[in-house]
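Have a look at the structure below before the remarks.
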Ligand SMILES: Nc1ncnc2c1ncn2[C@@H]1O[C@H](COP(=O)(O)OP(=O)(O)OP(=O)(O)O)[C@@H](O)[C@H]1O
Ligand SMILES: Nc1ncnc2c1ncn2[C@@H]1O[C@H](COP(=O)(O)OP(=O)(O)OP(=O)(O)O)[C@@H](O)[C@H]1O
Ligand SMILES: [Mg+2]
Ligand SMILES: [Mg+2]
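Protein chains in written order, with our numbering: chain A, 12 to 318; chain B, 333 to 673; chain C, 6 to 511; chain D, -12 to 339.
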């Protein structure tokens, strides 16, 4: 079971199948670009088969089956959801094709169906945001928080929420969640939900806005400005992702804290893919390097931003 | 009395009138074959028989739902709630078996009965209160999605439930490695649904009333056909199929995803229409729907084999393929049709 | 004939929004009798039938069937209770085959499954009985309205019902078919079936009916034995006034010296494959050209080619001697050719639009969307034509779908008369129109042609064609076989002879 | 006219009910506009402002639906309009007025051309409207992403372009002004000319319209063209409001909301009569509903359910059959019908 099969393609490099979630955000397209560019540049990789599943698990499963039929060497999967992969990954295993997870993870019970996962830890991102909140507001009076959630039901939304409150509750911060609504991870959603927040609750009493991603945060900042408040001052703002636009807002003093979620891990992924194909032993989880940035770091970090 | 034949009758057209309605589906199948041949010529491993089998694995739920949709569209209606209903059914199954600890043997019938019942309710609202189908079922689209999210806003695993492991057990046709193929049980569920639907539509009174109502509801009523029963019936069938699609989805992934099947109703409608069924009702075939689903699957297979399209080129490619398909179908259909206006 | 009534309707009242269609109407039907319901367009005949058979619920009144009070909630229930009906507009589903239409809802079955073979066999046998020969497996849509009407009748007759209702079954039928239908009706009456017959053809009514109930403006005028009510009295009851009978409109001999003027429109070798063989035909200003032929002989096709509704694939058409290019309904209208199609429901009216909008539609189309007809002028024109054609109710804002069949036909006529075309093509304009209105329309055709308008007139009633036409083109088998012009030739007998003779030649 | 007002009654009633709920929860501030930076604000004004893109699309959709069509591609055209405008400005002198002008015109023209293409597919190729527009619904977002290269182009806050979304004319927010202009423009276009009647005629009976000499193909194309242009304009306003264009999520599923608004407003999907004012009310209902959910304090999970319930209520209230059914017990209770002798016959009819 060496996977060389009738690999089909003439070259000796690897054929990799990549089942991407979709193109739902700038983060995601930056991620796709990074992986595609890395594969292109890498001599060890002969071809990258890229499929965009438009956020549907059914389409991803279909894509994996097609990869199996094509007898690719390695399958990279960025799962839309955590559960439901048992059968199709089992099929890949039977066909002798190793699977690498990129970005999101899958349920623990299926751990032996993939070799390793390379990606971010959304719960950890939530925790990072939580820690800064505790640090910044701890000890004072009740911290009043507004939250802009991601798409209802999506893993990053759920995990970033979980990690955040885990720390807040764990550290015993005295806080009140004024309101929490989904802004669908979009600027449009962030802005309109924020407008409603402002007209319903006002901003005078609110201390912190926690936005699950950049775009919603940026949308909300506009709403805050249009209502005559100063984002970053009248209300402190945490955003997750760390796109260029997010950092620019940070430089302008409109954002107070950025938790990075790094999409640019194409090169790292190619290394992992090659290792996996060679049968090397790997840790189950290979974290992507990700930082956190406060007001002092924004200026310096901005030039390094790739998306 | 047959001595006088009162009307003049030319012998022309009798043959054609019989065959004319098969043209769209013939065109669909022809184009499907052409697409397959194109794939064969361009991609290695495209000749693997499993590739065709896979069309019926990944699209088993879609096929079932599209069959239900065929009933509704043939009757001149439309059902937008099927995607949400499917997600809701899967989620409800997960909730009943995992949270409530009900045996799956009970949960599955409950879900199917609920799907059928809510379809009947929708149908009754449409028929008796004359609410437009598009709107009544759009309310369903929102409602079932909302209920699904209220059960759980994250995916739920049901792998521990023994019952759901049956669905993906495979039946092998020849050795897969030596050019055979295998199909899981869920594909057979889908085939069974297609066959039953075919028989019901073509060989039962209910099926023929569906066509009659789709042709002209007013006339069907005046002919004394049970239009109320028919209209309520088609939505019940569609609700049942959507719920069954949910059960199949539960089998296929052994998990429930609250955002599953978003936009699935449009895929189903597209499959039905590509299969030659007219949205105005009264004309079409359930076997055309099978071809339609295969076309949708074949398009994504080709894109996966092509493999070098980024997200946007992939979308554009799907659009262009659909366009080519529909225009060719129109063109072939027309040149053959040449019927009286 | 037993005297115990099988159907009794008493005090039936039915309101539609804004219109009182029936007001306290009584109606009695006895077994074995053929009972005519007479009245003008919009008198409420069809509504009475629909109330009886469960299409509409009455607002007041009671219905007894066999002495038992009944209230049907759908035509299906009425059918199940032994009342079989052919409604006015052909109500079959034309996407299904002829056989399926004949047996819809009562298909022969094997177990739960329909036995198509048996169904087709029975269908052929049934059609054979009333003397028509169709491909029962072909979709109904491939046959003309007249054929569809026959199929609808066959379906209703086959129910072996206690009560058979025929609402204008003969409106598009030829004499021979009507003959057969009447034979069937008499036979059924002999078997004790009670029948309701609605028709605007008085001769037919007098030929088969035993009794008549007359309605006027939704109210009962009375009922009479046919023998006791002479035709002019009947008309008086229907219209509520005395009118000159139709016979007053005589054929005007040699009004138009043939071959005198230059042709206005002339077709040379005009034809379309599969629809009508190439033909030559001239129409001169002020001339009425009739088209005669049996069902499916190609009259409609001839008209459609000249009107530009279908594209011709051979020959040419010229207007005032110059060849027409790009002939379609729009350019035809612009060039002064108006076309009233035979199927007003599918080809004529826009059901949701108001009477006024339907009337001005063609005129507006000719002006383009940007140039509206000034409202004042429009209202005046509409009012004028509503009065001229006596469209009832005379409310221009009513959706046209709420009008009775005959009044809808008048709306369609008004649409084209408004345009004052040079050639007006009327395909079955008098179908389903009451005696009074029919006389009006015939008089109108005469008037128009006197004013110099050319008219092409198609009707299933040969009398009508001969009476109005200056020349008659006779069709058979989708071919124009002769054009009769001399005064001596303008008789029904001559037309029939022509058709038969040419048939024999082949 | 009377029946026209009757049609609007139930949608208006639902709208008023929603407003009352909001006022009850958040006080009169909800409805009373306030002024910020020389621009009207306040909850309700914000709702209206935010609903303008939906309004524009729904108006265009109304016209397409009048021809018995439907346009699923409006969401994608919205994204394309937004993408073209933002990308064009981004690559040029952002503060120049003529850049902005060109960007807007370009986006509108492309959107109109896409609409015309849809119309051509329907009118000339005889493709069913749902299918014809489904193609662009899928491919259109790809085209929008192609334009933006998968990024989310953000224009600077200084460009006059953003005034289209955020500015004010005499304190009235620009989007509301645009919405009103388009609304009255379309009303005038369809009701003072014969266009409205011809659209209804083509939608009500295409064959009869053709035989009456109407250029039904041209009219159909025009309807889709207007709809496309409206969707493009909606995209421009939406992206101007945000200062960025999200090709993937901009206007996502807005077609469903638009169709909903049209139908709530009393226009039937079967073509024929259309009601632009009704559509506007439908849009106001949908816009207010989303805020109501937040104001009442329901979580995001409730969004769909609440929407379903309101849609259901509006739809069913509009049904005369339903109202008759509701009133039935009261009527027969108060006075016995003259046609009372009933119980037996039903059994009889069914028994046979
Ligand atoms: N569905 C309806 N809605 C509103 N008004 C209607 C409806 N059906 C019929 N009417 C009105 O009721 C009256 C009676 O119509 P009906 O069809 O019974 O006339 P009719 O006697 O059959 O005439 P015709 O000889 O033209 O068929 C007419 O004024 C007509 O406009
Ligand atoms: N006996 C028949 N057998 C087969 N097709 C028929 C028959 N009679 C009519 N048709 C079809 O019906 C259609 C209509 O016929 P057409 O309109 O030419 O008849 P017509 O002479 O205008 O008669 P009328 O106007 O009285 O119906 C034709 O396309 C023809 O195919
Ligand atoms: Mg009538
Ligand atoms: Mg004819």
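For every residue, glycine included, the Cβ atom is placed at its ideal position computed from N, Cα and C.
Keep in mind it's a predicted model, so treat the numbers as computed, not measured.
Buried or exposed (CB count within 10 angstroms, at least 16 for buried), residue i
| i | result |
| --- | --- |
| residue 559 of chain B | buried |
| residue 543 of chain B | buried |
| residue 452 of chain C | exposed |
| residue 210 of chain C | buried |
| residue 653 of chain B | buried |
| residue 178 of chain D | exposed |
Reference residue i; option with closest CA among the options
| i | options | result |
| --- | --- | --- |
| residue 175 of chain A | A:291, A:270 and A:42 | A:270 |
| residue 20 of chain C | C:219, C:64 and C:56 | C:64 |
| residue 107 of chain D | D:205, D:248 and D:242 | D:205 |
| residue 432 of chain C | C:131, C:240 and C:297 | C:297 |
| residue 208 of chain C | C:41, C:381, C:30 and C:16 | C:41 |
| residue 464 of chain C | C:281, C:345, C:79 and C:127 | C:345 |
| residue 419 of chain C | D:299, D:215 and D:199 | D:199 |
| residue 78 of chain C | B:500, B:557 and B:609 | B:557 |
| residue 51 of chain C | C:327, C:394, C:205 and C:294 | C:205 |
| residue 405 of chain C | C:363, C:426 and C:271 | C:363 |
| residue 173 of chain C | C:86, C:165, C:167 and C:187 | C:187 |
| residue 196 of chain D | C:410, C:358 and C:279 | C:358 |
Short Cβ contact (8 Å threshold) for residue i with residue j
| i | j | result |
| --- | --- | --- |
| residue 571 of chain B | residue 415 of chain B | no |
| residue 334 of chain C | residue 313 of chain C | yes |
| residue 250 of chain A | residue 262 of chain A | no |
| residue 438 of chain C | residue 414 of chain C | yes |
| residue 487 of chain B | residue 104 of chain A | no |
| residue 371 of chain C | residue 423 of chain C | no |
| residue 363 of chain B | residue 579 of chain B | no |
| residue 487 of chain C | residue 503 of chain C | yes |
| residue 473 of chain B | residue 413 of chain B | yes |
| residue 73 of chain A | residue 632 of chain B | yes |
Residues bridged to residue i (per DSSP)
| i | result |
| --- | --- |
| residue 111 of chain C | According to DSSP, which records beta bridges pairwise, residue 111 of chain C is partnered with nothing at all. |
| residue 231 of chain D | D:141 |
| residue 59 of chain A | A:27 |
| residue 345 of chain C | C:431 |
| residue 271 of chain A | A:252 |
| residue 190 of chain A | A:157 |
| residue 287 of chain C | C:271 |
| residue 19 of chain C | C:27 |
| residue 298 of chain C | C:480 |
Residue i Cβ short of 7 Å to ligand 6 heavy atom set
| i | result |
| --- | --- |
| residue 176 of chain C | With respect to small molecules bound, the structure shown includes ligand 1, ligand 2, ligand 3 and ligand 4 and not ligand 6. |
*If contact means a Cβ-Cβ distance below 9 Å, which residues of the stretch 556 to 576 of chain B contact chain C?*
556, 557, 558, 559 and 560
*Got a sec: which bits of the stretch 117 to 134 of chain C sit with their beta carbon under 7 Å from any beta carbon on chain B, in order along the chain?*
117, 118, 119, 133 and 134
*asked:* Short of 7 Å Cβ to Cβ, which residues in the stretch 300 to 312 of chain D face chain B?
replied: 302, 303, 306, 308 and 309
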